[in-house]
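The block underneath contains the structure these notes are about, expressed in structure tokens.
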Ligand SMILES: *Cc1c(COP(=O)(O)O)cnc(C)c1O
């Protein structure tokens, strides 16, 4: 049985929505993007949501808006996708990497030790869709000693008066924290709408704005929307109306807007997300139940009294195996046509970051989790027989590689 890793969910509703856009005479940023923003806004109960063409570009724009300069520091986990740290480098600031906790998410203790007067933001990552400890993060940056350490060097930083919390929620659209969908727990939450994510626009990102006073999130939405369109005072949609040709450029913008033809895909998906998420959850539960019978399996965190995953990645770990054995298990599964990934290769193991001087010696838990982890296929349209085949392949591969059966 050939099982792919994370194919996009494309049904008739998605195709009809895209065709509708193609037939409408307007394919770039316009009414479909607005409709998608509204859906995500009400889904997360955010003050405002801006869609852009990727998580990465959205994060770069938000860090530029924060007014980061060369030498400024942004704390990020070592265990994440490269984009988390690359966004920081793209604005000329320094990603200060810290280690994670057993649940794969950034360690609060490690953050505390890494804060300096140069720290301007913390980017936490909800790995696999499991929410970070948001309450504790908010408490940390509003603590007296941490506030006293903060040195603002831009207008926005002065207005905020503390370290900005940016959530890399690339995986966690639909995850729950304190009984509600995440998105409003910290200042800025960015979802990725990339092709492999729970909801996709092929490429895309959604920025949830929930900044405290004195910020006006609706005004900020307008400002950032313009910034995402080269800081042009009129977007192409407004200019397309007759008599509306004159415009100005009032700042140093970026060109990172999401086209309507892309937004249409995500729009049709999010309208049925309740159902799609439930399907992911039942696959995850099938995995949990099966692997809970084996004492060599470490099950991923999925649900607690106040958190629930978005079931984006099923990150299975094996007790006391070596990295080589893990690789061999993957090879064995690949031979049986089951697509497997590892989330994530810690950043200091990647050449670019290693060459910058980051070293795995400083991130023992990241190394430990990486060495024994593999991610199993999980997607709404996956059939029970396929899930069962993956489970059987995992068990067979473990027994063959580790128990030499
Ligand atoms: C996918 C992903 C991103 C990047 O998303 P893009 O929309 O492709 O820019 C960032 N962070 C994490 C953790 C991701 O998995």
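Residue numbers (my numbering): 5 to 409.
The beta-carbon is built from N, C-alpha and C at its ideal position, and this holds for glycine as well.
| Check | Outcome |
| --- | --- |
| Among 328, 127, 10 and 402, whose alpha-carbon lies nearest the alpha-carbon of residue 59? | 127 |
| Closest to residue 41 by C-alpha separation, out of 363, 93, 194 and 201, would be which residue? | 194 |
| Excluding the five sequence neighbours on either side, which residues of its own chain have a C-beta within less than 7 Å of the C-beta of residue 123, listed in chain order? | 77, 79 and 167 |
| Quick check on DSSP: helix, strand or coil for residue 260? | coil |
| Going straight from the alpha carbon of residue 331 to that of residue 394, what length do you get? | 16 Å |
| Quick one: what's residue 322 bridged to in DSSP? | 301 |
| Taking the straight line between their C-alpha atoms, what separation do you get for residue 287 and residue 391? | 7 Å |
| Excluding the five sequence neighbours on either side, which residues of its own chain have a C-beta within less than 6 Å of the C-beta of residue 114, listed in chain order? | 102 and 103 |
| Compare the C-alpha of residue 199 against each of 9, 190, 69 and 105 and name the closest. | 9 |
| Could you please go through the chain and list the residues whose beta-carbon is closer than 6 Å to any non-hydrogen atom of ligand 1? | 58, 59, 60, 84, 85, 87, 88, 129, 172, 174, 175, 196, 198 and 209 |
| Out of 272, 278 and 62, state which residue places its alpha-carbon closest to the alpha-carbon of residue 18. | 272 |
| By the three-class DSSP mapping on this structure, what secondary structure does residue 62 have? | helix |
| Per DSSP, residue 195 forms a beta bridge with which residues? | 210 |
| Should residue 213 and residue 51 be called a contact, given that it needs their Cβ atoms to be closer than 8 Å? | yes |
| Can you tell me whether DSSP reads residue 86 as helix, strand or coil? | helix |
| Using 8 Å as the threshold, is the C-beta distance between residue 192 and residue 228 below it? | no |
| What is the C-beta distance between residue 98 and residue 67, in whole angstroms, given that I count them as a contact (C-beta under 8 Å)? | Actually they do not touch by this definition, with Cβ atoms about 12 Å apart. |
| I'd like the span of the alpha helix (DSSP H) that includes residue 99, first residue to last. | Not the alpha helix (DSSP H): residue 99 falls in the beta strand (DSSP E), residues 98-102. |
| Short of 8 Å in beta carbon distance, which residues of its chain neighbour residue 26, apart from the five on each side in sequence? Order them along the chain. | 265 |
| Under a three-way DSSP split, which group does residue 375 fall into? | helix |
| In angstroms, rounded to a whole number, what distance separates the CA positions of residue 159 and residue 71? | 8 Å |
| Given a cut-off of 8 Å on the beta-carbon distance, is the pair residue 205 and residue 267 in contact? | yes |
| Evaluate the contact criterion for the stretch 21-40 versus the stretch 232-247: three or more CB pairs, one atom per stretch, below 8 Å. | yes |
| Only counting the same chain, and skipping five residues up and downstream in sequence, which positions put a Cβ closer than 7 Å to that of residue 364? | 350, 352, 353 and 371 |
| Looking at the unbroken alpha helix (DSSP H) that takes in residue 127, where does it start and where does it end? | Residue 127 -> not in any alpha helix (DSSP H); beta strand (DSSP E) instead, spanning 123-129. |
| For the alpha helix (DSSP H) holding residue 190, just list the boundary residues, first then last. | Run containing residue 190: none; DSSP gives neither H nor E here. |
| For the stretch 79-88 against the stretch 308-315, do three or more pairs of beta-carbon atoms, one drawn from each stretch, fall closer than 8 Å, so that the two count as touching? | no |
| When you compare only the Cα positions, how much space is there between residue 13 and residue 241? | 29 Å |
| In this structure, what does DSSP give as the bridge partners for residue 110? | 104 |
| Rounded C-beta distance between residue 344 and residue 379? I'm assuming under 8 Å. | 7 Å |
| Comparing C-alpha positions only, which one of 318, 211, 382 and 150 sits nearest to residue 69? | 211 |
| Quick check for students: name the residue ranges of the beta strand (DSSP E) that lie wholly in the stretch 327-406, counting only runs of 3 or more. | 377-380 |
| Is the beta carbon of residue 368 less than 8 Å from the beta carbon of residue 342? | no |
| Since residue 81 sits in a beta bridge, which residues does DSSP pair it with? | 102 |
| Compute the Euclidean distance between the alpha carbons of residue 156 and residue 400, then round it to the nearest angstrom. | 56 Å |
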